[in-house]
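**Q** One structure, pasted below without further comment.
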Amino acid sequence: MKKNLIALSLILILALSLCICAFAAEGSVEMRYVVDTYGLLSFDQWASLENRAANISEQHGCGIYIVTVDDYRNYGDGSVYDVTTQIYHRSGAGFGMGSGRDGIMLLLSMNNRKYALFVYGEKAEYAFNDDGLEQLEEVFLGDLGNDNWLDGFSGYLKACDQFLTRAEEGEPVRDNPLGLIAIAVAVSCGIALVICLILKSMMKTVHRKAGASEYVADGGLHLTQQIDQYTHTTKTRRKIEKNPGSSGGSHSESGAGGIGRSGSF
Numbered sequence: 028m029k030k031n032l033i034a035l036s037l038i039l040i041l042a043l044s045l046c047i048c049a050f051a052a053e054g055s056v057e058m059r060y061v062v063d064t065y066g067l068l069s070f071d072q073w074a075s076l077e078n079r080a081a082n083i084s085e086q087h088g089c090g091i092y093i094v095t096v097d098d099y100r101n102y103g104d105g106s107v108y109d110v111t112t113q114i115y116h117r118s119g120a121g122f123g124m125g126s127g128r129d130g131i132m133l134l135l136s137m138n139n140r141k142y143a144l145f146v147y148g149e150k151a152e153y154a155f156n157d158d159g160l161e162q163l164e165e166v167f168l169g170d171l172g173n174d175n176w177l178d179g180f181s182g183y184l185k186a187c188d189q190f191l192t193r194a195e196e197g198e199p200v201r202d203n204p205l206g207l208i209a210i211a212v213a214v215s216c217g218i219a220l221v222i223c224l225i226l227k228s229m230m231k232t233v234h235r236k237a238g239a240s241e242y243v244a245d246g247g248l249h250l251t252q253q254i255d256q257y258t259h260t261t262k263t264r265r266k267i268e269k270n271p272g273s274s275g276g277s278h279s280e281s282g283a284g285g286i287g288r289s290g291s292f
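Set out below in structure tokens:
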């Protein structure tokens with residue numbers, strides 16, 4: 028078993044080294060935060076994301092990482108979340124910032140379309156708790172599910188920046204706002220109902236007529252002009268989901284000293 032783990036570790040380190048060398052051949056930027064071993068991005072796309080991730084990480088003292096692989100099972104043991112934690116903690120990989128090695132890693136396993144988020148360190152876990160991670164994945168999962176890699180990764184980095192900023196301001200992202208919205212709607216409906224009941228009680232002098240003729244003014248009804256005017260057309264559209272069998276939802280994870288989420292995209 029130890030020999031297998033050593034071999035897998037060497038494979039991962041070699042894969043990362045080859046990927047870094049491949050990008051270095053096209054530019055002088057060092058790969059550190061966006062490790063695209065699967066090759067989803069062009070060099071320009073990667074360089075832009077790498078620079079952006081580096082700036083966000085250094086600004087907040089919390090590493091923001093993206094890793095793409097062919098199959099997570101080639102890089103460790105257990106679930107996609109387990110393997111993500113193993114990659115994060117792998118000796119010599121250099122993931123995490125500061126003495127607490129704070130960071131968040133998004134790993135995509137392309138052959139089986141599995142993903143995992145792993146958060147490590149006190150600062151990182153304060154910014155990305157269970158509720159926050161659930162909201163974070165809503166930002167990028169839609170784009171990743173439609174193979175919009177650049178948009179998905181860009182949304183992930185932007186959201187991480189916002190989450191860390193709010194945490195530094197003492198207002199970390201917590202409960203999903205949908206619950207608060209539902210409460211606000213319920214209160215508004217209650218107020219509207221009370222107003223309607225009050226107005227109804229004030230209309231005691233209004234009575235229903237016995238016949239339709241009583242609603243017609245003296246002299247009858249006279250139409251002076253008739254116009255048929257086109258207003259609008261209503262269209263109903265239904266979205267056809269891509270790869271309906273590949274999405275298996277997501278769920279919270281914990282272990283390896285941190286927290287996270289995993290699922291399919």
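Quick note: the sequence shown uses this note's numbering, first residue 28, plus one each step. Glycine included, every Cβ here is placed at the ideal spot set by N, Cα and C. Just so you know, these numbers come straight off a predicted model, no measurement behind them.
1) Return the CA-CA distance between Leu296 and Ala80, expressed in angstroms with no decimal places.
2) With DSSP run on the structure shown, which of helix, strand or coil describes Gly26?
3) According to the neighbour-count rule (16 or more other Cβ atoms, all chains shown, within 10 Å of its Cβ), is Lys201 buried or exposed?
4) Can you say whether Asp129 is buried or exposed, counting buried as having 16 or more other CB atoms within 10 angstroms of its CB?
5) For the region 274–286 and the region 154–165, state whether three or more C-beta atom pairs, one from each stretch, are separated by less than 8 Å.
6) Candidates Leu184, Tyr147, Gly169 and Gly179: which alpha carbon is nearest Ala283's?
7) Suppose contacts are defined by Cβ-Cβ distances below 7 Å. Is Asp98 in contact with Ser136 by that definition?
8) In terms of residues, what are the limits of the alpha helix (DSSP H) holding Gly169?
9) Which residue from Gly125, Gly172, Arg288 and Ser289 puts its Cα closest to that of Gly90?
10) For Gly179, which option in Ser84, Ser118, Tyr142 and Asn82 has the closest C-alpha, if you only look at C-alpha atoms?
11) Going by DSSP in three states, Tyr147 sits in which element: helix, strand or coil?
12) Starting from the Cα of Gly119, find the closest Cα among Asn175, Tyr153 and Arg59 and give me that residue.
13) Exposed or buried, Asp71, counting other C-beta atoms within 10 Å across all chains shown (16 or more means buried)?
14) Name the residue from Gly169, Glu195 and Asp188 whose alpha carbon lies nearest to the alpha carbon of Ser291.
15) In whole angstroms, what separates the C-alpha of Ile267 from that of Glu164?
16) If you run the structure through DSSP and keep just helix, strand and coil, what is Ser181?
17) Grab the span of the alpha helix (DSSP H) containing Asp109 for me, first residue to last.
18) Kindly give me the distance between the Cβ atoms of Tyr102 and Ile93, rounded to whole angstroms, as I take these residues to be in contact under 8 Å.
19) Around the C-beta of Glu152, are 16 or more other C-beta atoms found within 10 angstroms, so that it is buried, or is it exposed?
20) Which class does Thr64 belong to by DSSP, given the choice of helix, strand or coil?
21) Determine which residues share a DSSP beta bridge with Tyr99 and list them.
22) What is the rounded straight-line gap between the Cα of Asn175 and the Cα of Ile83?
23) Can you give the Cα-Cα distance for His116 and Gly127, rounded to whole angstroms?
24) Whole angstroms are fine: how far does the CA of Thr192 sit from the CA of Asn156?
25) Can you give the Cα-Cα distance for Leu171 and Gly285, rounded to whole angstroms?
26) Taking all protein chains shown into account, do 16 or more other C-beta atoms lie within 10 angstroms of the C-beta of Gly197, making it buried, or fewer, making it exposed?
**A** Inspection of the coordinates gives the following:
1) A query on residue 296 cannot be resolved here, the shown segment of the chain reaching from 28 to 292 and no further.
2) The structure shown has nothing for residue 26, since the chain only spans 28 to 292.
3) Residue 201 is actually Arg in this sequence, not Lys. Arg201 should be labelled exposed.
4) buried
5) yes
6) Tyr147
7) yes
8) Asp157 to Gly172
9) Gly125
10) Taking only the C-alpha atoms, the option nearest Gly179 is Tyr142.
11) strand
12) Closest option to Gly119, Cα to Cα, is Arg59.
13) Asp71 comes out exposed.
14) The residue with the shortest Cα to Cα distance from Ser291 is Gly169.
15) A caution first: Ile267 carries a pLDDT of 38, below 50, which makes its placement in the model too unreliable to give a value.
16) helix
17) Val107 to His116
18) Tyr102 to Ile93, Cβ: 15 Å. No contact.
19) Burial check for Glu152: the Cβ neighbour count within 10 Å reaches 16 or more, so the residue is buried.
20) coil
21) DSSP output for Tyr99 lists no bridge partner at all.
22) 22 Å
23) If you take the alpha carbons of His116 and Gly127, they lie about 12 Å apart.
24) 14 Å
25) 24 Å
26) exposed
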